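Take a look at the structure set out below.
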Amino acid sequence: MNDRHDENDAAIGPSGTPFPGEHEWLELPMPPGFAPTAEFADAAMQSCHDEELIADRDLENALRDALPTFALPTPSSDFVARTVGAIASDESRRWHDLLARHSAPEPSPEFVARTIAALADERSTAPLDTAVGFSARILRRAWPLFAIAAGFVLWLLFGDGPRQIDPFEARLVHAERRVFAHAFAPTALAAALTVAERDDDPLALPDWAPDRTWLPRRTASGGPR
Amino acid sequence: MTRCGTWFTVLVVGTAPICAQASEARRAIAREEIRSLLQRLDEALAHRDVREYGAAFAPDHPGAHAIRMKQLEQLFVDGTRVTQESTIAGDPRTVGDRTIVRVEHRIRAEGCKNAPADKPAEHFREDTILVVRRDAAGNVVPTLEVEVPTDGHATTNDVLRCPPCNYEFGGAPGWLCVPALSERAPALEAATFYFVGTDLACDVSVQFDSKNRTAIEMARHLGESLRKRESTAKLLDVTAWLPPAHRQEPPAGLEGARLELSIGAEQAVLFVVTFGALHHTLFVRGLETSMRQRTKNVQDLLATYRVLDTNADRAKAIATAFLAHTGGVVTGQAYHNERYGISLTGPDGWQVQQRSGSSLFRVVWESPRGSRLYLSGFGSPRRLGAWCPLSADDWVHNLCDANDLRLGEDAATAWVEHKCGGRSRTYVCPPRGADAPNGPQREIFVLVQEDLLLVVDRIIAAADDADVLERAAKSLHVR
Chain A
-13 MNDRHDENDA AIGPSGTPFP GEHEWLELPM PPGFAPTAEF ADAAMQSCHD
37 EELIADRDLE NALRDALPTF ALPTPSSDFV ARTVGAIASD ESRRWHDLLA
87 RHSAPEPSPE FVARTIAALA DERSTAPLDT AVGFSARILR RAWPLFAIAA
137 GFVLWLLFGD GPRQIDPFEA RLVHAERRVF AHAFAPTALA AALTVAERDD
187 DPLALPDWAP DRTWLPRRTA SGGPR
Chain B
4 MTRCGTWFTV LVVGTAPICA QASEARRAIA REEIRSLLQR LDEALAHRDV
54 REYGAAFAPD HPGAHAIRMK QLEQLFVDGT RVTQESTIAG DPRTVGDRTI
104 VRVEHRIRAE GCKNAPADKP AEHFREDTIL VVRRDAAGNV VPTLEVEVPT
154 DGHATTNDVL RCPPCNYEFG GAPGWLCVPA LSERAPALEA ATFYFVGTDL
204 ACDVSVQFDS KNRTAIEMAR HLGESLRKRE STAKLLDVTA WLPPAHRQEP
254 PAGLEGARLE LSIGAEQAVL FVVTFGALHH TLFVRGLETS MRQRTKNVQD
304 LLATYRVLDT NADRAKAIAT AFLAHTGGVV TGQAYHNERY GISLTGPDGW
354 QVQQRSGSSL FRVVWESPRG SRLYLSGFGS PRRLGAWCPL SADDWVHNLC
404 DANDLRLGED AATAWVEHKC GGRSRTYVCP PRGADAPNGP QREIFVLVQE
454 DLLLVVDRII AAADDADVLE RAAKSLHVR
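Those protein sequence lines, which keep their order, are chains A and B. Numbered per my numbering, the first sequence spans residues -13 to 211. Numbered per my numbering, the second sequence spans residues 4 to 482.
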């Protein structure tokens, strides 16, 4: 197809005359000496119509002569069903094609609310013994259990158990002299108080009691002085 | 089978064991089951296997459990064999899904390579608070074991009420009060409240502040002290705080402070309440998640704290607390302790103070020139039974080591026997470290009795004080 900007048009025309573009045809001047009349157009149209009639008549005559020569087939048992199915399918496809040409509108909030309410009503009044409804309800209500069970299994398989904590009370034992009983206090407050006491009066001998195992340990490691 | 039936079967088969285990875990724990557990734990110790002992626990409080294991490890020194017989003392009680029981342990330690020939075995007693629960399989599992005083120091309904120290604390639902051993608590009185079944705990401690600081200063001082021991500790915020029970009408002179600390994965909040120079310290601690999830429980506990007598004379209140917990009282320059039969009169014009450490008692006189006189009493360790010159000598060396004092081989005088049955000697310490050779002279006099080791420590900062100190030391009277 030629285009408005088809550069080849200029090279096609005879004797250097530019060949008119497609959009220019209707604007071309009439050839010299030619003046079309209304009768000319009507005659041309009638001629075309006549040719179509002749062709139709020829086909009709041929069919009328040929069809009686064929025997009528016996309809199969599913002929009617297939035919109705084909018609329904054809109808469905045509509706589908038709609807596909339109974009679906956004549902209104009223429509959504109305639909949800209707579904809820339907669920509450639905019979409990329908298998599909029961299974769906079980799934809906039991999914947290299944999720927990799955998580637990994964934790057992891939987890490393409870987090190992190195409590600071235990770390403080190593920071204290074990001859003193407060080294084995189950609270860090004891350590804080002893440090505070030393800071308050650094000259004083410690105001701390002996641990019950101080002397046995001392004895075991070489006896008292 | 219909799909309905299939789902029903799956659900029943899947949840039945869970329901059964939940029901099993709620079943009450009988005394006999606890006895059986104690027997298993005793057997673990008989096998010298502290690890097996500890593995039986599903610890609620990792810190308390770790410390308990350290305590038990100390029993096994150099070949010592330990036989422990544990019995239930008192009726078990239930808090949530935990059962709490007091346990008495009779311990026999023998086989120590260097034990004296006349005392091959030691017998002593320990008491603990044991917390147990039932696991999903129905077994009884211990979750917490904390040593408590054997002298029957008890609380009613988990409320710690001490009129001499002028306070009351505890009784909130779920909080278990565990009194601390006095030798392990550098305070006049101490206890720990455990929120049963969790890692949350709150320590309570009552101490005297020799520097007369405000509550905020004291909170910051304790926080800094903790940071010196635990490098991961971070002090977050110090603010004024009043106990909920006294917010409406704060008593005159009552001050409070609140300090938040972060210690690794753990979090702590230190509350200090001062009423005169007597400080009540509450130390709430736990994993950060527990502290966040149990805020309401902590608030419930804090709401139980109250000062009993808001009109008490502060100087008198301090004297009352010392008298109740140490047996000592200061009158003028004289210190008198009826409980241990001790008295000593310090020099005139010197400042005198009692102190609240973990020894039996301590009192100090200080001169304007910096000379000092300390009088301290140390109880004999439970396994030791009685002090003797050898153990006393070793203990004095330990005290000096902790204070960077070096005692020479010939630093001590010979032992002298006294009419009271005790024996004494004096150690002379050379000036230490950067102070040498012009630092203060120091003489440490010790008097050994069976159940008491008396230490009179003299620091002579000025030559003029030497005679005064000598006279004061000689005023020591022992019943």
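We put the CB at the ideal spot given by N, CA and C, even for glycine. Predicted model only: the values in this text are computed from it and were never measured.
Of the choices Ala112(B), Arg358(B), Arg164(B) and Ile37(B), whose alpha-carbon is the least far from that of Val134(B)? Looking at the Cα atoms, Ile37(B) is the closest of the given residues.
Could you check where the beta strand (DSSP E) with Leu337(B) kicks off and where it finishes? For clarity, residue 337(B) is Ala in the given sequence; the question names Leu instead. Boundaries of the beta strand (DSSP E) harbouring Ala337(B): Ala337 to Asn340, taken from the DSSP string.
CB contact check: Pro130(A) to chain B, cutoff 8 Å: Using a CB distance cut-off of 8 Å, Pro130(A) does not count as an interface residue toward chain B.
Report yes or no: do three or more beta-carbon pairs, one from the segment 294 to 311 of chain B and one from the segment 162 to 179 of chain B, lie closer than 8 Å? Touching, per the Cβ criterion.
Let me see if you follow: with CB-CB separation under 8 Å, is Arg211(A) close to chain B or not? Note that Arg211(A) scores a pLDDT of 41, beneath 50, so its modelled location is shaky and nothing firm can be said.
With 9 Å as the limit, tell me which residues of the segment 268 to 292 of chain B have their beta carbon closer than that to any beta carbon of chain A; keep them in chain order. Taking 9 Å as the Cβ-Cβ cut-off against chain A, the residues of the segment 268 to 292 of chain B that qualify are Ala268, Glu269, Ala271, Leu273, Thr284, Phe286, Arg288 and Leu290.
Have a look at Val367(B) and Gly373(B) and give me their C-alpha separation to the nearest angstrom. Taking the straight line from one Cα to the other gives about 12 Å.
Assigned secondary structure, His126(B) (DSSP; H/G/I helix, E/B strand, else coil): Of the three classes helix, strand and coil, the one that applies to His126(B) here is strand, per DSSP.
Do we get a CB-CB distance below 8 Å when we pair Ala174(A) with the residues of chain B? Yes, Ala174(A) counts as interfacial toward chain B.
Is DSSP giving Cys165(B) helix, strand or coil here? Taken through DSSP and simplified to helix, strand or coil, Cys165(B) comes out as strand.
Can you give the beta carbon distance from Cys205(B) to Leu285(B), rounded, assuming they're within the 8 Å contact cut? That pair is a contact at about 6 Å.
Find the nearest neighbour of Ala2(B) within the set Ile103(B), Arg342(B), Thr90(B) and Leu75(B), judged by alpha-carbon distance. Residue 2(B) lies beyond the range of chain B shown here (4 to 482); nothing can be said about it.
Pull the bridge partners of Gln210(B) from the DSSP assignment, please. Paired residues: His282(B).
DSSP three-state call for Asp115(A): helix, strand or coil? At Asp115(A) the pLDDT is 48, less than 50, meaning the model places this residue with poor confidence; the figure from the coordinates comes in the next sentence. In the displayed model, Asp115(A) falls within coil according to three-state DSSP, outside both helix and strand.
What residue range is occupied by the uninterrupted beta strand (DSSP E) comprising Asp523(B)? The structure shown does not extend to residue 523(B), since chain B is modelled only from 4 to 482, so the question has no answer here.
Determine, using beta carbons only, whether Val287(B) and Met221(B) come nearer to each other than 8 Å. Taking 8 Å as the cut-off, the Cβ atoms of Val287(B) and Met221(B) do not count as close.
Listing by chain order, which chain B residues have their CB less than 9 Å from the CB of Glu77(A)? Within chain B, no residue comes near Glu77(A); the closest Cβ sits about 36 Å away, beyond 9 Å.
Can a CB atom of chain B be found closer than 8 Å to the CB of His168(A)? At least one chain B Cβ lies under 8 Å of His168(A).
Under 7 Å by beta carbon: chain A residues contacting Glu186(B): Result: Ala167 and Ala195.
Is the Cβ of Ala161(A) closer than 8 Å to any Cβ of chain B? Interface residue, yes.
Is Glu88(B) near the ligand ZN, judged by its Cβ being under 7 Å from some heavy atom? With respect to small molecules bound, the structure shown includes none, and the ligand ZN cannot be examined in it.
Going by the beta-carbon positions, is the gap between Phe381(B) and Val458(B) smaller than 8 Å? Yes, the Cβ-Cβ distance between Phe381(B) and Val458(B) is below 8 Å.
Contact with chain B by Ala156(A), beta-carbon distance below 8 Å: Residue-level contact check: Ala156(A) touches chain B, since one or more beta carbons of chain B fall below 8 Å from its beta carbon.
State the Cα-Cα distance for the pair Trp81(A) and Ala74(A), rounded to the nearest angstrom. Each residue's Cα considered, the two are about 10 Å apart.
Residues of chain A with CB closer than 8 Å to the CB of Tyr377(B), please, in chain order. Listed along chain A, the residues sitting closer than 8 Å to Tyr377(B) by beta-carbon distance are Ala190 and Leu191.
Which partner residues does Gly137(A) have in the DSSP bridge list? Beta bridge pairing from DSSP links Gly137(A) with no other residue.
Per DSSP, His108(B) is paired with what? Its beta-bridge partners are Ser89(B) and Glu129(B).
What separation, rounded to the nearest whole angstrom, lies between the Cα atoms of Ala233(B) and Val181(A)? Sequence inspection shows Glu at residue 233(B); the Ala mentioned does not correspond to that position. When rounded, the distance between both Cα atoms is 11 Å.
Is Asp460(B) helix, strand or coil when you go by DSSP? The three-state secondary structure of Asp460(B), taken from DSSP, is strand.
Using a cut-off of 7 Å between C-beta atoms, extract the partners of Ile70(B) located in chain A. Correct list: Glu155, Ala156, Val159, Phe170 and Pro172.
At least three beta-carbon pairs within less than 8 Å, the segment 157 to 177 of chain A to the segment 194 to 202 of chain A: They touch, by the three-pair rule.
Return yes when the Cβ of Arg128(B) is within less than 8 Å of the Cβ of Thr153(B), no when it is not. Going by C-beta atoms, Thr153(B) is nearer than 8 Å to Arg128(B).
Could you confirm whether any beta carbon from chain A is found closer than 8 Å to the beta carbon of Asp460(B)? Taking 8 Å as the CB threshold, Asp460(B) lines the interface with chain A.
Cα-Cα separation between Leu189(A) and Asn406(B), rounded to whole angstroms: Straight-line Cα distance between these residues: approximately 7 Å.
The segment 146 to 173 of chain B: which residues have C-beta closer than 9 Å to a C-beta of chain A, in chain order? If the cut-off is 9 Å between Cβ atoms, the segment 146 to 173 of chain B has Val149 and Glu150 near chain A.
Reference Val53(B), options His68(B), Thr102(B), Ser39(B) and Leu257(B), closest by Cα: Cα-wise, what sits closest to Val53(B) is His68(B).
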